[in-house]
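For reference, each letter of the sequence shown is one residue, going 0 to 691 in numbering that gives the first Met the number 0.
To start, the structure itself, in structure tokens.
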Amino acid sequence: MAENTLLIVESAAKAKTLSKFLGKNYKVKASIGHVKDLPKSKLGIDIENDFEPQYITIRGKGNLLKEIKEEAQKASRVLLATDPDREGEAIAWHLQNVINIPDDEKCRIEFHEITREAVKKAIAHPRPIDMNRVNAQQARRVLDRLVGYSLSPFLWNKVKKGLSAGRVQSVAVRLICEREEEIRNFIPEEYWTLDALVADDKGDRFQAKLVSYKGEKINIKNAEQKDEIIKALADASLVVQKIEKKERRKKPHPPFTTSTLQQEASRRLNFYANRTMRVAQELYEGLEIGKEGTVGLITYLRTDSTRIAEVAQKEAREFIMSEYGEEYVPEVPNEYKTKKTAQDAHEAIRPTSVKRTPESLKPYLTRDQYKLYKLIWERFVASQMAPSIYDTVSVDIEAGDYNLRATSSRLKFIGYKKVYDEEEEEEVRNPIPDIKEGEKLRLVDLYPEQHFTQPPPRFTEASLVKLLEEKNIGRPSTYAPIIETILKRNYVERQNKQFVPTELGFIVVELLKENFSNIIEVEFTARMEEELDLIEEGKLDWKQVVRDFYIPFQKELEKAHMSIEKVEIKDEEAGKECPVCGRPMVIKYGRFGKFMACSGFPECRHTESINEDAGVICPRCGGNILILKTKKGRKFYGCSNYPECEFRSWDKPTGEKCPLCGEALVEKGVKGNGSRIVCQGEKCEYMQEVRD
Numbered sequence: 000m001a002e003n004t005l006l007i008v009e010s011a012a013k014a015k016t017l018s019k020f021l022g023k024n025y026k027v028k029a030s031i032g033h034v035k036d037l038p039k040s041k042l043g044i045d046i047e048n049d050f051e052p053q054y055i056t057i058r059g060k061g062n063l064l065k066e067i068k069e070e071a072q073k074a075s076r077v078l079l080a081t082d083p084d085r086e087g088e089a090i091a092w093h094l095q096n097v098i099n100i101p102d103d104e105k106c107r108i109e110f111h112e113i114t115r116e117a118v119k120k121a122i123a124h125p126r127p128i129d130m131n132r133v134n135a136q137q138a139r140r141v142l143d144r145l146v147g148y149s150l151s152p153f154l155w156n157k158v159k160k161g162l163s164a165g166r167v168q169s170v171a172v173r174l175i176c177e178r179e180e181e182i183r184n185f186i187p188e189e190y191w192t193l194d195a196l197v198a199d200d201k202g203d204r205f206q207a208k209l210v211s212y213k214g215e216k217i218n219i220k221n222a223e224q225k226d227e228i229i230k231a232l233a234d235a236s237l238v239v240q241k242i243e244k245k246e247r248r249k250k251p252h253p254p255f256t257t258s259t260l261q262q263e264a265s266r267r268l269n270f271y272a273n274r275t276m277r278v279a280q281e282l283y284e285g286l287e288i289g290k291e292g293t294v295g296l297i298t299y300l301r302t303d304s305t306r307i308a309e310v311a312q313k314e315a316r317e318f319i320m321s322e323y324g325e326e327y328v329p330e331v332p333n334e335y336k337t338k339k340t341a342q343d344a345h346e347a348i349r350p351t352s353v354k355r356t357p358e359s360l361k362p363y364l365t366r367d368q369y370k371l372y373k374l375i376w377e378r379f380v381a382s383q384m385a386p387s388i389y390d391t392v393s394v395d396i397e398a399g400d401y402n403l404r405a406t407s408s409r410l411k412f413i414g415y416k417k418v419y420d421e422e423e424e425e426e427v428r429n430p431i432p433d434i435k436e437g438e439k440l441r442l443v444d445l446y447p448e449q450h451f452t453q454p455p456p457r458f459t460e461a462s463l464v465k466l467l468e469e470k471n472i473g474r475p476s477t478y479a480p481i482i483e484t485i486l487k488r489n490y491v492e493r494q495n496k497q498f499v500p501t502e503l504g505f506i507v508v509e510l511l512k513e514n515f516s517n518i519i520e521v522e523f524t525a526r527m528e529e530e531l532d533l534i535e536e537g538k539l540d541w542k543q544v545v546r547d548f549y550i551p552f553q554k555e556l557e558k559a560h561m562s563i564e565k566v567e568i569k570d571e572e573a574g575k576e577c578p579v580c581g582r583p584m585v586i587k588y589g590r591f592g593k594f595m596a597c598s599g600f601p602e603c604r605h606t607e608s609i610n611e612d613a614g615v616i617c618p619r620c621g622g623n624i625l626i627l628k629t630k631k632g633r634k635f636y637g638c639s640n641y642p643e644c645e646f647r648s649w650d651k652p653t654g655e656k657c658p659l660c661g662e663a664l665v666e667k668g669v670k671g672n673g674s675r676i677v678c679q680g681e682k683c684e685y686m687q688e689v690r691d
């Protein structure tokens with residue numbers, strides 16, 4: 000091991016974890032995310048000079064960079080250990096330039112879990128900065144900046160001030176708008192199902208479904224057709240035509256990727272995507288675990304791979320053998336296919352050691368940390384277990400020209416469901432007595448039921464993330480920021496945990512579809528993701544990709560500016576009368592979000608705030624946290640149980656309590672650099688960095 004090594008990571012929490020198990024010859028510093036970026040006040044891309052980015056030091060990072068330079072001068076070597084993805088590679092590249100490390104020097108290390116063994120192995124195998132990865136990140140950043148800084152002024156001019164449009168976010172809004180249009184245009188159709196209760200000659204009963212007529216699948220469209228079928232079945236002889244007995248094996252799901260973790264945490268834990276990512280970041284960066292000290296509990300949280308390291312697979316199999324028995328260990332280790340578009344740079348999300356069971360860690364984790372860790376641990380352990388086994392019986396029953404089918408299943412071996420059960424299942428479903436082919440049955444009763452076809456459901460966080468992944472829109476690390484951005488811009492709203500587009504969202508999507516079809520096209524955006532992957536693989540030049548995009552985009556922009564008239568947004572009715580003059584109140588969008596105003600403006604200037612649910616629980620009393628506003632429009636957060644509960648905060652509460660002092664944790668924005676989780680306690684210094 001080299002003496003006097005400076006190791007630079009992204010977050011202070013990670014630096015703290017590493018400092019505890021690296022020796023005194025290591026100094027660990029945190030860059031606190033990016034140190035350089037494009038300027039906010041201008042485009043920051045020299046289009047005339049082949050789209051050269053004009054990076055500047057992020058405001059507030061000057062002193063930190065000065066400290067890092069000073070420490071680098073004292074060190075015999077510098078290792079850049081930023082996160083193992085494109086974003087982390089770009090941060091490492093900027094740090095390399097700041098410290099003046101030669102381009103070909105082996106200064107970059109990667110580890111996918113923050114454990115002593117993984118970090119020491121990484122330190123022993125440094126490599127040069129991967130410029131293909133850096134260029135893939137630069138291409139994404141430049142494309143997003145070109146779109147955002149070009150389309151936003153267009154929207155200000157044609158719709159209203161303060162609007163903005165993003166390359167990937169706009170596609171997400173389009174998907175939500177198109178789903179809403181499907182729902183609005185949907186015409187329900189009537190149909191019927193028919194279940195029969197039948198019995199054998201001993202009187203044993205079981206249920207069967209009507210499935211076909213003269214060998215063709217049946218579709219009962221109305222009550223008249225239903226009545227005809229009931230009459231025919233009442234007169235028909237029921238004969239067992241075919242009995243099929245099988246053994247069905249249900250394999251476990253693969254371990255989590257970023258997308259599937261967000262989906263399952265939404266379904267099972269009721270976590271929004273940003274909450275899932277924040278808690279996963281805490282588990283990854285390391286927590287104090289009693290005598291074991293500070294250790295990272297899960298592998299890297301931004302991944303689209305289901306691959307598992309051989310050593311982790313072996314440990315899991317040994318654990319399953321000792322805890323559950325030999326029959327729960329599959330003969331050959333379970334392997335899972337990773338989708339073609341996956342970068343596969345990392346493993347799936349798993350515990351760093353399966354021996355750290357959720358129950359053993361419970362005393363050291365917050366409620367959210369425990370819930371998410373338990374979900375990850377159970378999913379991983381189950382993924383390495385034997386399948387569940389069912390005995391199934393299928394009986395085809397002939398009733399004149401009609402056919403009924405009865406199915407039954409019995410759980411024979413619980414398998415992986417012993418650890419991770421997706422749904423509560425009956426031990427035996429619809430038990431079928433011991434009958435034989437050719438045996439006659441008796442019709443006991445018929446149960447017709449009327450139904451109407453349903454429109455597709457609105458997107459929830461889980462279903463939207465799933466679709467974004469399926470369509471190859473964005474990357475695992477971008478799903479949570481995409482959702483937060485489109486909500487913040489008032490393009491969509493959450494209603495009963497579902498996304499509903501606003502009128503503003505519809506207007507912006509229609510405007511972009513008519514004038515910038517490529518940008519808002521799902522296939523085009525997915526193709527851009529593929530090109531970014533090819534840049535990372537060294538198969539495409541990043542500036543050529545930008546050139547191919549920008550030249551036609553610029554022509555579309557010029558044409559749209561000339562041809563489009565200003566769009567008028569009608570105010571939405573608030574459903575109440577003005578208490579001052581009696582005229583209808585309307586909902587308006589201001590610089591501080593939605594508010595209610597009298598439709599008689601400017602004669603009547605009465606306004607009222609609209610209290611939105613912040614989506615988190617009060618850390619003091621368990622009530623809902625509301626987004627409130629002062630008289631001057633400044634946003635703050637307060638408990639819905641006021642005045643019984645007087646919780647108030649300028650910063651958004653996480654719903655968690657500080658592990659050090661028990662006060663509320665809040666999310667504090669850091670200008671130009673994401674956010675941090677900090678404690679509200681006056682004398683408490685607890686802090687956790689968050690990177691989108």
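Every residue gets a Cβ at the ideal spot worked out from N, C-alpha and C, and that includes glycine.
Who are the near neighbours of residue i in its chain, counting only those whose CB is closer than 6 Å to its CB and skipping five residues on each side?
{"i": "Ala29", "result": "Val8, Ser10, Ala11 and Ala14"}
{"i": "Pro601", "result": "none"}
{"i": "Pro500", "result": "Ile175, Cys176, Glu179 and Val491"}
{"i": "Arg647", "result": "Gly637"}
{"i": "Ile563", "result": "Lys157"}
{"i": "Asp49", "result": "Lys542"}
Can you give me the start and stop residues for the beta strand (DSSP E) that residue i sits inside?
{"i": "Cys660", "result": "Unbroken run through Cys660: none, as it is neither H nor E."}
{"i": "Gln692", "result": "The requested residue 692 does not occur in the structure, where the chain is confined to residues 0 to 691."}
{"i": "Val141", "result": "Premise fails: Val141 lies in the alpha helix (DSSP H), Met130 to Lys157, not in any beta strand (DSSP E)."}
{"i": "His450", "result": "Lys439 to Phe451"}
{"i": "Glu181", "result": "Unbroken run through Glu181 is the alpha helix (DSSP H), Gln168 to Asn184; no beta strand (DSSP E)."}
{"i": "Lys575", "result": "Glu571 to Glu576"}
Which same chain residues end up closer than 8 Å to residue i when comparing Cβ atoms and leaving out the 5 residues on each side of it in sequence?
{"i": "Gln53", "result": "Leu37, Pro38, Gly43, Ile44 and Asp45"}
{"i": "Trp191", "result": "Ile219, Lys220, Asn221, Ala222, Gln224, Lys225, Pro447, Glu448, Gln449 and His450"}
{"i": "Ile214", "result": "Residue identity differs from the one stated: residue 214 is Gly in this sequence, not Ile. Excluding positions up to five away in sequence, the list reads Asn402."}
{"i": "Ile534", "result": "Asn131, Asn134, Ala135, Ala138, Asp540, Trp541 and Val544"}
Excluding the five sequence neighbours on either side, which residues of its own chain have a C-beta within less than 7 Å of the C-beta of residue i, listed in chain order?
{"i": "Phe253", "result": "Before going further, note that residue 253 is Pro rather than Phe in the sequence given. Thr305, Tyr335, Ala347 and Ser382, listed in sequence order."}
{"i": "Val27", "result": "Leu6, Val8, Ala14, Leu17, Ser18 and Leu21"}
{"i": "Asp129", "result": "Glu88"}
Flag residue i as yes when its Cβ comes closer than 6 Å to any non-hydrogen atom of the ligand MG, and as no otherwise.
{"i": "Ala12", "result": "The ligand MG is absent from the structure shown, which contains no ligand whatsoever."}
Under the three-state reduction of DSSP, which class applies to residue i: helix, strand or coil?
{"i": "Thr391", "result": "strand"}
{"i": "Thr16", "result": "helix"}
{"i": "Glu330", "result": "coil"}
{"i": "Lys417", "result": "helix"}
{"i": "Lys370", "result": "helix"}
{"i": "Trp649", "result": "coil"}
{"i": "Phe379", "result": "helix"}
{"i": "Gln679", "result": "coil"}
{"i": "Thr337", "result": "coil"}
{"i": "Pro583", "result": "strand"}
{"i": "Gln72", "result": "helix"}
Starting from residue i, trace the alpha helix (DSSP H) both ways and give me its first and last residue.
{"i": "Glu520", "result": "Here Glu520 belongs to no alpha helix (DSSP H), and DSSP marks it neither H nor E."}
{"i": "Lys60", "result": "Unbroken run through Lys60: none, as it is neither H nor E."}
{"i": "Glu468", "result": "Glu460 to Glu469"}
{"i": "Gln224", "result": "Ala222 to Asp234"}
{"i": "Ile31", "result": "No alpha helix (DSSP H) contains Ile31, which DSSP labels as neither H nor E."}
Item to complete: Would you be able to state if there are at least three C-beta pairs under 8 Å between the stretch 466-473 and the stretch 230-246?
Response: no
Item to complete: Would you be able to state if there are at least three C-beta pairs under 8 Å between the stretch 113-124 and the stretch 328-335?
Response: no
Discussion item. Could you check whether the stretch 310-327 touches the stretch 405-418, counting it as contact only if at least three pairs of C-beta atoms, one from each stretch, sit closer than 8 Å?
Written reply: yes
Worksheet entry | Minimum length 3: unbroken beta strand (DSSP E) runs contained in the stretch 244-326 | none
Worksheet item: Does the pairing of the stretch 258-266 with the stretch 372-386 give three or more beta-carbon distances under 8 Å?
Response: yes
Discussion item. Please give the ranges of any beta strand (DSSP E) in the stretch 90-128, keeping only runs that are unbroken, at least 3 residues long and fully inside the region.
Written reply: none
Worksheet item: Would you call the stretch 272-282 and the stretch 304-322 touching, i.e. three or more CB-CB distances under 8 Å?
Response: no
Discussion item. Which complete beta strand (DSSP E) runs does the stretch 502-563 hold, if anything under 3 residues is left out?
Written reply: none
Worksheet item: Given 8 Å as the limit, is there contact between the stretch 278-287 and the stretch 233-243, that is, 3 or more CB pairs closer than that?
Response: no
Discussion item. Count Cβ pairs between the stretch 435-443 and the stretch 181-201 that sit closer than 8 Å; are there 3 or more?
Written reply: The stretch 435-443 vs the stretch 181-201: in contact.
Worksheet entry | Ranges of the alpha helix (DSSP H) found wholly within the stretch 597-632, counting only runs of at least 4 | none
Worksheet item: Is there contact between the stretch 119-132 and the stretch 92-108, where contact requires at least three CB pairs shorter than 8 Å?
Response: yes
Discussion item. Taking 8 Å as the cut-off, does the stretch 347-363 touch the stretch 205-213 (at least 3 CB pairs, one atom from each stretch)?
Written reply: Cβ pair count under 8 Å is below three, so no.
Discussion item. Counting beta carbon pairs with one atom in the stretch 521-531 and one in the stretch 478-494, are three or more of them shorter than 8 Å?
Written reply: No: fewer than three Cβ pairs fall under 8 Å.
Worksheet item: Is there contact between the stretch 451-469 and the stretch 244-251, where contact requires at least three CB pairs shorter than 8 Å?
Response: no
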